[in-house]
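*Asks:* First residue of the sequence shown? That's 5 in my numbering, and the numbers climb one at a time after it.
Can you keep this structure in mind? I'll have questions shortly.
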Amino acid sequence: MIGSKKRKQWIWFFGLLAAFIVLLLGLYVRMISVRSAAFESAGEEAISPVRVQETLSTEVWRTTSFLARVEGGQTIDIIADVGGWVVEKKVVLGQEVIKGEALIVLEDPRRVLRLKESEARLQSARANLNELKRKYEQSLTLVEKGIVARDTLDSLSNQVAAESANVDSLDAYFGLMKWDVDNLTVASPISGRIVEVLPDVGQEVTAGQLVVKMVSTKEKRVVAGVEPRWARIIKPGMIVKLSTTLNGRLEETEGKIIGVSPDIDSLSGTYRVEAELINNEYNWLPGEIVNMEIPVELLTDVVIVPRTAVLSDSEDLFVFVYQDGKAAKIPVKVDWINDRQGSVSADLIPEGSSIIIEGHAGLAGGQLVRLTK
Numbered sequence: 005m006i007g008s009k010k011r012k013q014w015i016w017f018f019g020l021l022a023a024f025i026v027l028l029l030g031l032y033v034r035m036i037s038v039r040s041a042a043f044e045s046a047g048e049e050a051i052s053p054v055r056v057q058e059t060l061s062t063e064v065w066r067t068t069s070f071l072a073r074v075e076g077g078q079t080i081d082i083i084a085d086v087g088g089w090v091v092e093k094k095v096v097l098g099q100e101v102i103k104g105e106a107l108i109v110l111e112d113p114r115r116v117l118r119l120k121e122s123e124a125r126l127q128s129a130r131a132n133l134n135e136l137k138r139k140y141e142q143s144l145t146l147v148e149k150g151i152v153a154r155d156t157l158d159s160l161s162n163q164v165a166a167e168s169a170n171v172d173s174l175d176a177y178f179g180l181m182k183w184d185v186d187n188l189t190v191a192s193p194i195s196g197r198i199v200e201v202l203p204d205v206g207q208e209v210t211a212g213q214l215v216v217k218m219v220s221t222k223e224k225r226v227v228a229g230v231e232p233r234w235a236r237i238i239k240p241g242m243i244v245k246l247s248t249t250l251n252g253r254l255e256e257t258e259g260k261i262i263g264v265s266p267d268i269d270s271l272s273g274t275y276r277v278e279a280e281l282i283n284n285e286y287n288w289l290p291g292e293i294v295n296m297e298i299p300v301e302l303l304t305d306v307v308i309v310p311r312t313a314v315l316s317d318s319e320d321l322f323v324f325v326y327q328d329g330k331a332a333k334i335p336v337k338v339d340w341i342n343d344r345q346g347s348v349s350a351d352l353i354p355e356g357s358s359i360i361i362e363g364h365a366g367l368a369g370g371q372l373v374r375l376t377k
């Protein structure tokens, strides 16, 4: 009886032990499965997506940039050539005008009357000259026939010469009077923009008086202050890149260096560099600030990369390249860089690799990567 009871206890004990072992084996298998799945998932997440560019050796100008101010062309003072009273103002402040366009209209009845007088006297003198020439031709025929004396012909010849000189004098005087009347309308000598119109309607203007100020818009230029080390290499005729940003849109054009000032500015320690706008398609106005980019050195056998592709580690610069499905960290020396791009020596980039230009965040050398478009 007692032996049967102990046997049953041992059977229960071994049964529970077997169940416990089976449970442990099941939990172990489950744990291994979860860890394998997690490892595979982590492995997949460790493969970073990157975008690359091909390694193409080229040449590029190393540039340096300065802030420059747009200035108008030459400021012109328009002077009245004749006096008169202002009867009409044809332009207003800030107006664009073309060469020859009327600015101010003056009135002077006395000049108009003198013009009419001089014209009448000229017409009369021309009529007298024509009559004397007719008499001279007639007398010339009569002299050949012996009817009129030679002295009479000589006298008519002198009268024709004198009246011809008188006609020339009156013609010149008429031209002066006409010039006076024509210049009662003050015209623009250049194409430009009106800066100031001084006299008002009804005001008397005298000859030599300043009436209009204007600035040339045809020859706008940009002016920059340049450090001495750069001023020495800037030459007249060099083509420079000019740019600015308006409402998030890049405006870019070119200019041509006019010259560099011979003396340094004592306050700023810079030399004045002027460049004329080759094409002002954006209508930059005087006073606007633009960026002047000047070429200073031609670099050869370099690779152009986006500025964001050049990374730093303490004081060292490097780029990541894609090679055999992995990212490789390559130390580089940047020959030239600006706010958009830079250049690195082509011989520093391993052959057959591509430069990683996107996907640097958290990237490490030797890490698995995959290409994206």
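Yeah, the Cβ is synthetic: ideal placement off N, Cα and C, and Gly gets one too.
All of these numbers come straight from a predicted model, not from anything done at the bench.
Does the Cβ of Asp184 have 16 or more other Cβ atoms within 10 Å, making it buried, or fewer, making it exposed?
*Replies:* Buried: at least 16 other Cβ atoms inside 10 Å.
*Asks:* Check for me: the alpha helix (DSSP H) holding Arg125 runs from which residue to which?
*Replies:* Counting along the chain, the alpha helix (DSSP H) containing Arg125 begins and ends at 113–148.
*Asks:* With a threshold of 6 Å on Cβ separation, who are the neighbours of Val216 within its own chain once the five nearest residues in sequence on each side are excluded?
*Replies:* The answer, listed in chain order, is Ile82, Leu107, Val201.
*Asks:* Starting from the Cα of Gly291, find the closest Cα among Ser220, Glu58, Arg55, Arg73 and give me that residue.
*Replies:* Gly291 has its Cα closest to that of Arg73, out of Ser220, Glu58, Arg55, Arg73.
*Asks:* Say whether the region 173–193 touches the region 50–61, bearing in mind that this needs 3 or more beta-carbon pairs closer than 8 Å, one atom from each stretch.
*Replies:* They do not touch, by the three-pair rule.
*Asks:* Among Leu188, Val116, Glu223, Arg311, which has the Cα closest to the Cα of Ser195?
*Replies:* Nearest C-alpha to Ser195: Glu223.
*Asks:* Would you tell me roughly how many angstroms separate the C-alpha atoms of Ile80 and Ile238, rounded to the nearest one?
*Replies:* If I take the Cα positions, the gap works out to 29 Å.
*Asks:* Could you tell me the distance, in whole angstroms, from the CA atom of Val209 to the CA atom of Thr189?
*Replies:* For Val209 and Thr189, the distance between alpha carbons rounds to 12 Å.
*Asks:* Let's test the definition: count the other Cβ atoms within 10 Å of the Cβ of Pro203 and tell me whether it reaches 16, buried, or not, exposed.
*Replies:* Pro203 is buried by the Cβ-count criterion.
*Asks:* In the DSSP assignment, what residue or residues form a beta bridge with Trp89?
*Replies:* DSSP lists Glu111, Glu208 as partners of Trp89.
*Asks:* Are the beta-carbon atoms belonging to Ile198 and Gln99 less than 8 Å from one another?
*Replies:* Closer than 8 Å, so yes.
*Asks:* So for Ser358, helix, strand or coil by DSSP?
*Replies:* Residue state, collapsed to three classes: strand.
*Asks:* Quick check on this structure: which residue in Val64, Val109, Thr68 has the alpha carbon closest to the alpha carbon of Ala84?
*Replies:* For Ala84, the nearest C-alpha among the options comes from Val109.
*Asks:* Taking 8 Å as the cut-off, decide whether the C-beta atoms of Ser318 and Thr59 are in contact.
*Replies:* Their beta carbons are not under 8 Å apart, which means Ser318 does not touch Thr59 by this criterion.
*Asks:* Within the region 243–281, note down every full alpha helix (DSSP H) run reaching 4 residues or more, in order along the chain.
*Replies:* For the region 243–281, not a single whole alpha helix (DSSP H) run of length 4 or above is found.
*Asks:* For Glu362, which residues from the same chain have a beta carbon less than 6 Å from its beta carbon, with the 5 sequence-adjacent residues on both sides left out?
*Replies:* Excluding residues within five positions, the ones whose Cβ falls inside 6 Å are Arg55.
*Asks:* Quick one: what does DSSP say Asp343 is sitting in, helix, strand or coil?
*Replies:* Coil, per DSSP.
*Asks:* On the DSSP bridge assignment, give the partners of Asn295 in chain order.
*Replies:* Leu71, Ser247.
*Asks:* Give a yes or no on contact between the region 280–300 and the region 251–264, applying the rule of three or more CB pairs nearer than 8 Å.
*Replies:* Flag = yes, the region 280–300 and the region 251–264 touch.
*Asks:* Kindly identify the DSSP beta-bridge partner or partners of Ser52.
*Replies:* Its beta-bridge partners are Val373.
*Asks:* Suppose you measure from the CA of Gly87 to the CA of Gly273; what does that come to, to the nearest Å?
*Replies:* Going from the Cα of Gly87 to the Cα of Gly273 covers about 48 Å.
*Asks:* Exposed or buried, what is Arg369 when buried is set at 16 or more other beta-carbons lying within 10 Å of its beta-carbon?
*Replies:* Residue 369 is actually Gly in this sequence, not Arg. By the 10 Å Cβ count, Gly369 comes out exposed.
*Asks:* Mapping the DSSP letters down to three states, classify Arg34 as helix, strand or coil.
*Replies:* It is helical.
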